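K.L.:
First the structure, which I've put down as structure tokens, then a few questions once you've had a look.
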Amino acid sequence: AVKGRAIDESAFDEVEEALLLSDAGIEITEILVRALKDRWKRGQINSVDDIKRGLAEEVEKILRTVESPLDVTGNTPFVILTLGVNGAGKTTTIAKLAKLYKDMGKTVLFGACDTFRAAAIEQIEVWAKRLDIDVIKQKEGSDPAAVAYDATRAAHARGIDVLILDTAGRLHTKSNLMEEMKKIKRVTGKELQGAPHETLLVVDATNGQNAIVQTKTFNDALGVTGMVITKLDGTAKGGFILPIARSLKIPIRFVGVGEQFDDLIPFRAQEFSKALF
Amino acid sequence: KLQERLEATFKKIRGHGKLTEDNIKDSLREVRIALLEADVNYKVAKDFLERVKEKAIGGEVLTSITPGQLFVRIVYDELCELLGKVNKPLDVSGSPPVSVMLVGLQGSGKTTTAGKLAIFLKKKGRRPLLVPSDVYRPAAIEQLTKIGSQINMPVFSSKGFDDPLKICVEAKAYAMKNGLDTLIVDTAGRLHIDEEMIQELIDQKRYLNPKETLLVLDAMTGQDAVNIAKTFDEKLNVDGIVLTKLDGDTRGGAAISIKAVTGKPIKFIGVGEKLDTLEPFHPERMASRILG
Ligand SMILES: Nc1nc2c(ncn2[C@@H]2O[C@H](COP(=O)(O)OP(=O)(O)OP(=O)(O)O)[C@@H](O)[C@H]2O)c(=O)[nH]1
Ligand SMILES: Nc1nc2c(ncn2[C@@H]2O[C@H](COP(=O)(O)OP(=O)(O)OP(=O)(O)O)[C@@H](O)[C@H]2O)c(=O)[nH]1
Ligand SMILES: [Mg+2]
Ligand SMILES: [Mg+2]
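Sequences listed follow chains A and B, in order.
Numbering-wise (our numbering), the first sequence opens with residue 1 and increments by one.
Numbering-wise (our numbering), the second sequence opens with residue 1001 and increments by one.
Here it is in structure tokens:
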């Protein structure tokens, strides 16, 4: 009996299509298809089922290298600096993280370092109220680095477990905004040595190949220590994490799957690779 | 650069040669790579390349132009054709108040675009009213209210309402009472697969009967652009697209995908966070950007 249909070269077209449609990009698609074809030539793959299983294995292998949960116990306060392009889901993700840490019995503080966008401070204050968390803020238009400094100082003085800094969305191509972020990070470290302990990049799963250059640019400029992929409750697959995992090896901490503060799940390579196809 | 890569694939043809199915095979592959790298949808790219192939075969290569140049020209022209050669302006004709409704996925730039549209319409001599109908997102109403005050535009006070439909009813009455002729209705971001939220939009649209239903889409959107655009268009019958965040370095292939799959015109592009950053869509510029 043959398990699944027997295969020829064209069976691999389906793999190529699935990977490209997932936003994995050409490069990793060619690498994975070639790896599977090699296995087929060596007789290790003999059916369509084998191909599917082989693909899942290859994908999981890559993603397991970036499956590394965030441990916030090493420092008090543990300072998380969030960043990312406009509309990626930073502010909402911060609320979800705060809920997670509060449920663990930790004390959490917010730093409202988006002093630019209309009603950004009001937005984080709504979340803070729902979570019964304080917000360190200054008036709209003030220096975000000054807020970061105040928030770090306050977290330290109050013995807060986790400080989460919200920042304004920014396109990685805007050098003045990238300089502003460097200053925010630097000033945080001035107030508390070693801070921020996590530089968390938030990326929207509906992005295409631009997610890769976003990640590279933010990483080169600031050193990204973790990522969150948001909006995976939609139909986009976020396949760009394959080339990012392979070339940048940045841990993917969490995945966002909705708009409420419970809609955050830890990144698991196996679950992700299953959902990819 | 694509043109250079194409020149390499055409090394074999010179001067009076013709483009044949055989000698353009490698060139088609190079264009396919460029399109996929630019986030053009896989299936859309496939169909597009078929049309390029038909157009290209038999093409005369003159001594004044290299085969690579001829081929790029064919691809570029086909892209411009697909993207819509003529800019379709915003239609706000009809007895006032006329409505423009902004819809789309979470975070695509609707609220900011509403502010930008208000400035655009004011310059055209209209008297817009910004209508916040996002009752879900924390401080969404405050956000549009602040935007309105930044640009000196009236914003309907939606605070305290919990029903977008009621907001539209009251806003329309307010506009009529105050001589405002164009309602710019900002809606909550939603997934195209959220049936309940899409139904809310259908109901809202039925009441408003907007002259323009604009799908606001992030230019960084990847392969999923076809699903998003197709669903919003099928459920709501979209009149036009606004492509935002084109001030970044995304190639914007989503523009091709959504145009191919819905046929609807891209009316504007967003090129910044400030409220004076809305521009009319230029197909030729987009075509060059996509080709890299
Ligand atoms: N469906 C879904 N929506 C999300 C998710 N995360 C965030 N959102 C929504 O995306 C939109 C933008 O979220 P924000 O948190 O404001 O994004 P941001 O990165 O802080 O935006 P800026 O500060 O303007 O750059 C909101 O409507 C959120 O509710 C997610 O995982 N799934
Ligand atoms: N750089 C840039 N940023 C933009 C553009 N348009 C909007 N933004 C930014 O993108 C982020 C999201 O914009 P919003 O207007 O809040 O998006 P939205 O679609 O209303 O979001 P939801 O209501 O949560 O669905 C904000 O930070 C805006 O300033 C643009 O053309 N370029
Ligand atoms: Mg934010
Ligand atoms: Mg909005």
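We treat Cβ as the ideally placed atom computed from N, Cα and C, and that holds for glycine.
These numbers come from a predicted model, not from an experiment.
Pick out the complete beta strand (DSSP E) segments inside the segment 172-210 of chain A, 3 residues or longer, and give them in chain order.
P.N.:
With a minimum length of 3 residues, the continuous beta strand (DSSP E) runs that stay inside the segment 172-210 of chain A are 198-204.
K.L.:
Name, going along the chain, the residues of the segment 1123-1146 of chain B whose beta-carbon falls closer than 9 Å to a beta-carbon of chain A.
P.N.:
Flagged, chain order: Tyr1136, Arg1137, Pro1138, Ala1139, Ala1140, Ile1141, Glu1142, Gln1143, Leu1144, Thr1145, Lys1146.
K.L.:
Among the residues of its own chain, which have a CB less than 8 Å from the CB of Asp161(A), if the five just before and after it don't count?
P.N.:
Around Asp161(A): Val72, Thr76, Pro77, Phe78, Tyr101, Lys106, Thr107, Val108.
K.L.:
Considering Ser1064(B), what are the terminal residues of the alpha helix (DSSP H) in which it resides?
P.N.:
No alpha helix (DSSP H) contains Ser1064(B), which DSSP labels as neither H nor E.
K.L.:
Once you ignore the five residues that flank Leu1246(B) on each side, which residues in its own chain have a CB closer than 7 Å to its CB?
P.N.:
So the qualifying residues of the chain are Ala1219, Gly1252, Ile1269, Gly1270, Val1271.
K.L.:
Rounded C-beta distance between Thr167(A) and Ser142(A)? I'm assuming under 8 Å.
P.N.:
That belief does not hold up - the Cβ atoms of Thr167(A) and Ser142(A) are roughly 13 Å apart, past 8 Å.
K.L.:
So which residues of chain A does Thr1277(B) contact, with C-beta pairs closer than 9 Å?
P.N.:
Ordered by position in chain A, no residue passes the 9 Å Cβ test against Thr1277(B), which lies about 12 Å from the chain.
K.L.:
Can you grab the Cα-Cα spacing for the pair Val2(A) / Glu1078(B), in whole Å?
P.N.:
The predicted position of Val2(A) is uncertain, since its pLDDT is 48 and thus under 50; no value can be drawn from it.
K.L.:
Quick check: does the Cβ of Gln270(A) come within less than 7 Å of any heavy atom belonging to ligand 1?
P.N.:
Result no, Cβ not under 7 Å from ligand 1.
K.L.:
With 8 Å set as the bound, which would you pick, yes or no: does the beta-carbon of Val2(A) sit closer than that to a beta-carbon of chain B?
P.N.:
For Val2(A), the pLDDT reaches just 48, beneath the cut-off of 50, and the residue's location in the model is therefore unreliable, leaving the point undetermined.
K.L.:
Mind listing, in chain order, the residues whose beta carbon lies closer than 5 Å to a non-hydrogen atom of ligand 3?
P.N.:
Result (chain order): Lys90(A), Thr91(A).
K.L.:
Go ahead and label Pro1280(B) buried or exposed: buried means 16 or more other beta carbons lie within 10 angstroms of its beta carbon, across all protein chains shown.
P.N.:
So Pro1280(B) ends up on the exposed side.
K.L.:
Taking 7 Å as the line, does the beta carbon of Thr115(A) fall inside it for any heavy atom of ligand 1?
P.N.:
It does not: the Cβ of Thr115(A) is nowhere closer than 7 Å to a heavy atom of ligand 1.
K.L.:
Drop a sphere of 10 angstroms on the beta-carbon of Gln1199(B), count the other beta-carbons inside from all chains shown, and report buried for 16 or more, exposed for fewer.
P.N.:
Its Cβ having fewer than 16 others within 10 Å, Gln1199(B) is exposed.
K.L.:
Buried or exposed: where does Glu1060(B) fall if 16 or more other Cβ atoms within 10 Å of its Cβ makes it buried?
P.N.:
Its Cβ having fewer than 16 others within 10 Å, Glu1060(B) is exposed.
K.L.:
Beta strand (DSSP E) containing Arg253(A): first to last residue?
P.N.:
Segment 252-256, the beta strand (DSSP E) holding Arg253(A).
K.L.:
Does the CB of Gly1104(B) have a neighbour CB from chain A at under 8 Å?
P.N.:
With 8 Å as the cut-off, Gly1104(B) does not count as an interface residue toward chain A.
K.L.:
Would you verify that the beta carbon of Asp23(A) is, or is not, closer than 8 Å to some beta carbon of chain B?
P.N.:
Yes, contact with chain B.
K.L.:
Can a CB atom of chain B be found closer than 8 Å to the CB of Ile26(A)?
P.N.:
At least one chain B Cβ lies under 8 Å of Ile26(A).
K.L.:
Measuring only the C-alpha atoms, how far is Arg170(A) from Thr217(A)?
P.N.:
Near 12 Å, if we compare the C-alpha coordinates of Thr217(A) and Arg170(A).
K.L.:
So, for Ala1260(B): in the same chain, excluding its five sequence neighbours on each side, which residues have a beta-carbon less than 6 Å away from its beta-carbon?
P.N.:
Correct list, in chain order: Val1044.
K.L.:
Among Leu1275(B), Lys1172(B), Glu1234(B), Glu1004(B), whose alpha-carbon lies nearest the alpha-carbon of Arg117(A)?
P.N.:
The option with the nearest alpha carbon to Arg117(A) is Leu1275(B).
K.L.:
Does Asp1162(B) get closer than 8 Å to chain A when you measure Cβ to Cβ?
P.N.:
Answer no: the Cβ-Cβ gap between Asp1162(B) and chain A never drops below 8 Å.
K.L.:
At which residue ranges does the segment 1104-1161 of chain B contain complete beta strand (DSSP E) runs of 3 or more residues, listed in the order of the chain?
P.N.:
Within the segment 1104-1161 of chain B, the complete beta strand (DSSP E) runs of at least 3 residues are 1128-1132.
K.L.:
With contact counted as at least three CB pairs below 8 Å, one residue from each stretch, are the segment 1139-1154 of chain B and the segment 1215-1232 of chain B in contact?
P.N.:
Segments in contact, no.
K.L.:
Which bits of chain A does Asp1039(B) rub up against, with CB to CB less than 7 Å?
P.N.:
Ordered by position in chain A, the residues that pass the 7 Å Cβ test against Asp1039(B) are Gly208, Gln209.
K.L.:
Can you check which of these residues, Gln1003(B), Glu1037(B), Ala1254(B), Lys1053(B), is closest to Asp1022(B) by C-alpha distance?
P.N.:
For Asp1022(B), the nearest C-alpha among the options comes from Lys1053(B).
K.L.:
Looking at C-alpha atoms only, which residue of Ala112(A), Gly84(A), Arg130(A) is the closest neighbour of Ile136(A)?
P.N.:
Of Ala112(A), Gly84(A), Arg130(A), the residue nearest in Cα terms is Ala112(A).
K.L.:
Which residues, in chain order, does the segment 1174-1195 of chain B contribute to contact with chain A at a C-beta distance below 8 Å?
P.N.:
Flagged, chain order: Leu1191, His1192, Ile1193.
K.L.:
Pick helix, strand or coil for Met1101(B), following the three-state DSSP scheme.
P.N.:
Strand, per DSSP.
K.L.:
Apart from the five residues on each side of it in sequence, which residues of its chain come closer than 6 Å, Cβ to Cβ, to Thr1182(B)?
P.N.:
Excluding residues within five positions, the ones whose Cβ falls inside 6 Å are Val1092, Val1098, Leu1121, Arg1126, Pro1128.
K.L.:
Find out if the Cβ-Cβ distance for the pair Val228(A), Gly256(A) is shorter than 8 Å.
P.N.:
Yes, they are a contact pair.
K.L.:
Pairs of beta-carbons, one from the segment 1128-1146 of chain B and one from the segment 1186-1194 of chain B, closer than 8 Å: are there three or more?
P.N.:
These segments touch.
K.L.:
Please identify, using Cβ separations under 9 Å, the residues of the segment 1199-1226 of chain B that lie next to chain A, in order along the chain.
P.N.:
Against chain A - using a Cβ distance shorter than 9 Å - the residues of the segment 1199-1226 of chain B are Asp1218, Ala1219, Met1220, Thr1221, Gly1222, Gln1223, Asp1224, Ala1225.
K.L.:
So is the beta-carbon of Thr1111(B) under 7 Å away from any non-hydrogen atom of ligand 4?
P.N.:
Yes, ligand 4 has a heavy atom inside 7 Å of this Cβ.
K.L.:
Closer than 8 Å, CB to CB, is Trp127(A) near chain B or not?
P.N.:
With 8 Å as the cut-off, Trp127(A) counts as an interface residue toward chain B.
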